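Structure record follows, encoded as structure tokens.
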Amino acid sequence: MSIDPEIAPQPKRLVWQEATVVAITIATPRVKIFRLRPVAWQGFTAGQHVDLRLTAPDGYQAERSYSIGSAPDRSGEIDLVIDLIDDGEVSPFFHAVVEIGDTIEMRGPIGGHFIWRAEDGGPLLLVAGGSGLVPLMSMLRYRSDAAPDIPAALVLSARREGEMIWREELLSRDRDEAGFHLFATVTRDVPATPGIHHGRVNAGLIASALARLPAPPKTIFICGATPFVDAAADLALAAGIPFERIRTERYGG
Ligand SMILES: Cc1cc2nc3c(=O)[nH]c(=O)nc-3n(C[C@H](O)[C@H](O)[C@H](O)COP(=O)(O)OP(=O)(O)OC[C@H]3O[C@@H](n4cnc5c(N)ncnc54)[C@H](O)[C@@H]3O)c2cc1C
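Residues in the sequence shown are numbered consecutively from 42, following our numbering.
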């Protein structure tokens, strides 16, 4: 049996290495996507993250985790999506200072719980708040390449339509992929696009997503800021999803 290197088990010892910034994309007014090429990269599983480390001239170091948004592939490059936290330490540095050609210290991939492989099966219910979309997008992109028959629904909350990361891609996947359904909602303005809801993720939106799946979800992945994840996990439990099917990733805040 051959093992696909992209989903092979990762070595346990994590080492810091350099990664070169090969592209930077402005995704929304507060979000930039950094494409990194690590020196030595062995692939990853959808849902995993990496740690980045910054070192100041006086030796002070700051480490933060960032999920991988691209699908597992053999390009040797990964996309990290950094949401600007105004009073933060690391995210403003990436937004204001980091340029194409810079090298960043990185280690990973990391994470064995919040991951999905095609052989794990479905249906999948994905619930994202803001940049919590990132690891779920990796799963969705991978799913459409590797297992498009596995049904999936994404419940996505953003502040405004213009702050929805990968908005166009998500809308076209919703339109074109038979097994994928998007339930997007914006909390701070009235959506212009038909089908996008207004308000917070609530029991009704979770029920609508569940109703579009042909069977109860095998796994539900919830990701975002801590209060969002806690609220969404409560809604999932209230909707009758067993505790052991719910996986969460909290970004802080
Ligand atoms: C596994 C994992 C994956 C992550 N993936 C991503 C990702 O893909 N994209 C991304 O942008 N971030 C992600 N994060 C969050 C990221 O690691 C940092 O916490 C974030 O970028 C803020 O760092 P900072 O140094 O700018 O702010 P800090 O200096 O750490 O914090 C400044 C202030 O902002 C608050 N704060 C920190 N994080 C958040 C948040 N997420 N929401 C609201 N307030 C917050 C803090 O409580 C503090 O008051 C992830 C976190 C984890 C644990």
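Built from N, CA and C at the ideal position, the CB exists for glycine as well.
Only a predicted model underlies this, so the values are computations on that prediction, with no experimental measurement involved.
Check, Outcome
"Exposed unless 16 or more other CB atoms sit within 10 angstroms - verdict on His-238", "buried"
"Opening and closing residue of the alpha helix (DSSP H) in which Ala-252 lies", "244-253"
"Test item: CB-CB of Phe-75 and Ile-109 under 8 Å", "no"
"Neighbourhood of Ala-256 by C-beta, 7 Å cutoff - its chain only, sequence neighbours within 5 removed", "Pro-164"
"Paired residues, beta bridge with Leu-197 - DSSP", "Ala-169 and Ala-225"
"Environment of Pro-192 [buried if 16+ CB atoms lie within 10 Å]", "buried"
"Neighbour-count burial assignment, Asp-120, 16 or more Cβ in a 10 Å radius", "buried"
"Met-42 classed as buried or exposed, judged by whether at least 16 other C-beta atoms fall within 10 angstroms", "At Met-42, the pLDDT of 38 sits below 50, so the modelled position is not reliable; the number obtained from the coordinates is stated separately. When all chains shown are included, Met-42 counts as exposed."
"Range covered by the alpha helix (DSSP H) that runs through Leu-174", "174-187"
"CB contact flag (Gln-146, Arg-94, <8 Å)", "It is Glu, not Gln, that sits at residue 146 in the sequence shown. Yes, the Cβ-Cβ distance between Glu-146 and Arg-94 is below 8 Å."
"As assigned by DSSP and simplified to three states, the class of Val-56", "coil"
"Collapsed DSSP secondary structure at Pro-79 in the structure displayed", "strand"
"Given 8 Å, three or more beta-carbon pairs between the region 135-144 and the region 73-91", "yes"
"Stretch pair the region 241-248 + the region 194-210: three plus CB contacts closer than 8 Å", "yes"
"Closer than 7 Å: Tyr-292 CB and nearest ligand 1 heavy atom", "yes"
"Check: Ser-108 C-beta below 7 Å from any heavy atom of ligand 1", "yes"
"Whole-Å CB distance - Leu-166 paired with Pro-235, under 8 Å assumed", "About 23 Å separates the two Cβ atoms, so there is no contact after all."
"Leu-125, DSSP secondary structure in three states", "coil"
"Ligand 1 heavy atom lying under 7 Å from the CB of Gly-129", "yes"
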